[in-house]
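**Q**
Numbering (full-length UniProt numbering), first residue to last: 1 to 291.
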């Protein structure tokens with residue numbers, strides 16, 4: 001084992017076997033089985049022979065010479081510390097790989113109870129007003145919880161009602177809407193019930209802000225922006241829509257009940273307001289001049 005092993009000489013990734021190095025027989029058996037190279041599961045620092053395998057968070061490959069030096073759990077913990085605190089390149093016949101990765105959610109600089117209370121408050125406001133403005137990280141985390149709640153509403157079971165009841169701060173006000181209006185609105189939509197739109201910073205500290213909204217609702221911003229874009233292009237005499245506008249029209253009308261008719265009504269309403277705009281402004285100016 002003095003020479004550096006080639007990549008092709010290492011065992012396959014699927015050949016992973018967990019054991020405790022206190023058993024010298026198991027070490028020698030695995031060395032022989034895996035052609036002088038063994039996979040070891042690195043457990044928490046206070047690991048023991050009966051440690052739960054679900055807590056494994058790191059996997060390491062050690063050469064036989066290094067394995068035989070770990071005759072007891074104390075020496076094995078020292079070797080684990082070397083791997084965690086030093087670069088694995090210092091060990092020529094070893095390699096390290098992660099089995100987990102980074103955190104799966106944003107902590108938002110809060111402890112668990114504070115973070116859960118914050119997300120519950122944001123979600124309660126979202127389902128009440130259907131559109132809220134907050135910082136972008138908070139909006140992305142609240143979006144995950146809101147999507148799960150709408151999925152519970154579509155299931156419409158007693159268990160899903162109890163689960164949703166435990167999340168909202170005003171459940172008796174929000175539950176009828178979740179299991180009634182929203183369930184019917186998103187009955188045909190397979191997913192993507194919410195949307196996060198980045199906006200200019202709203203706070204003095206210039207924190208990245210965003211709008212979190214429920215799609216296909218009365219405050220759907222993309223629907224309103226698409227209607228305004230189509231109305232402006234029609235006013236300019238452009239009958240054919242460009243590629244981006246056509247894509248947005250398809251998005252806002254695909255799963256919306258009566259989406260095409262609602263979009264046409266919104267466009268006509270904007271056209272009427274555009275026509276009445278100059279005359280109403282002149283009338284207001286005349287009234288002000290007479291006063």
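A virtual CB, placed ideally from N, CA and C, is assigned to each residue, including glycine.
The model shown is predicted, which means the values in this text are computed figures rather than measured ones.
1) Quick check: what's the CA-CA separation for residue 230 versus residue 252?
2) Could you please give me the residues that DSSP links to residue 210 through a beta bridge?
3) Taking only the alpha-carbon atoms, compute the straight-line gap between residue 135 and residue 237 and give it to the nearest angstrom.
4) Does residue 157 come out as helix, strand or coil in the three-state DSSP assignment?
5) Using the Cα positions of residue 188 and residue 177, report the straight-line distance between them to the nearest angstrom.
6) Measure the beta-carbon distance from residue 201 to residue 208 and round it to whole angstroms, keeping in mind my assumption that it falls under 8 Å.
7) Using DSSP with H/G/I as helix, E/B as strand and the rest coil, what is residue 235?
8) What would DSSP say about residue 259, mapped onto helix, strand or coil?
9) Candidates 273, 150 and 122: which alpha carbon is nearest residue 190's?
10) If we ignore side chains and look at the alpha-carbon of each, how far apart do residue 277 and residue 105 end up?
11) Note down the Cα distance separating residue 39 from residue 145, rounded to an integer number of angstroms.
12) How big is the Cα-Cα spacing for residue 132 and residue 161?
13) Give the range of the alpha helix (DSSP H) segment to which residue 187 is assigned.
14) Beta-carbon separation of residue 270 and residue 227 under 9 Å?
15) Here's the rule I'm using: 16 or more other beta-carbon atoms within 10 Å means buried, otherwise exposed. How should residue 215 be labelled?
**A** According to the structure shown:
1) Counted from its first residue, the chain shown places residue 230 at position 230. Counted from its first residue, the chain shown places residue 252 at position 252. Between residue 230 and residue 252, the C-alpha separation is close to 13 Å.
2) The sequence position of residue 210 within the chain shown is 210, counting from 1. Answer is 134 and 198, bridged to residue 210.
3) Position 135 of the chain shown, counting from 1, holds the residue named residue 135. Position 237 of the chain shown, counting from 1, holds the residue named residue 237. Inter-residue distance for residue 135 and residue 237 is about 39 Å (C-alpha atoms, whole angstroms).
4) The residue given as residue 157 occupies position 157 in the chain shown. Coil at residue 157, not helix or strand.
5) Mapped onto the chain shown, residue 188 falls at position 188. Mapped onto the chain shown, residue 177 falls at position 177. The C-alpha of residue 177 is placed about 17 Å away from the C-alpha of residue 188.
6) Within the chain shown, the letter at position 201 stands for residue 201. Within the chain shown, the letter at position 208 stands for residue 208. About 6 Å separates the two Cβ atoms, so the contact holds.
7) To locate residue 235, count along the chain shown from 1; it is residue 235. In this structure, residue 235 counts as helix in the three-state DSSP scheme.
8) Numbered from its first residue, the chain shown carries residue 259 at position 259. Note: residue 259 maps to helix in three-state DSSP.
9) Looking up residue 190 in the chain shown gives position 190. Cα-wise, what sits closest to residue 190 is 150.
10) Translated into positions along the chain shown, residue 277 becomes position 277. Translated into positions along the chain shown, residue 105 becomes position 105. Computed Cα separation, rounded: 48 Å.
11) As a working mapping, residue 39 is identified with position 39 in the chain shown. As a working mapping, residue 145 is identified with position 145 in the chain shown. Here the model assigns residue 39 a pLDDT of 45, short of 50, so the residue's position is not dependable, and the following value carries that caveat. Straight-line Cα distance between these residues: approximately 38 Å.
12) Looking up residue 132 in the chain shown gives position 132. Looking up residue 161 in the chain shown gives position 161. Going from the Cα of residue 132 to the Cα of residue 161 covers about 24 Å.
13) Along the chain shown, read from residue 1 onward, the residue named residue 187 stands at position 187. For residue 187, there is no enclosing alpha helix (DSSP H), since its DSSP letter is neither H nor E.
14) Position 270 of the chain shown holds residue 270. Position 227 of the chain shown holds residue 227. Cβ distance < 9 Å, so residue 270 and residue 227 count as in contact.
15) Translated into positions along the chain shown, residue 215 becomes position 215. Answer is buried; the Cβ neighbour count reaches 16.
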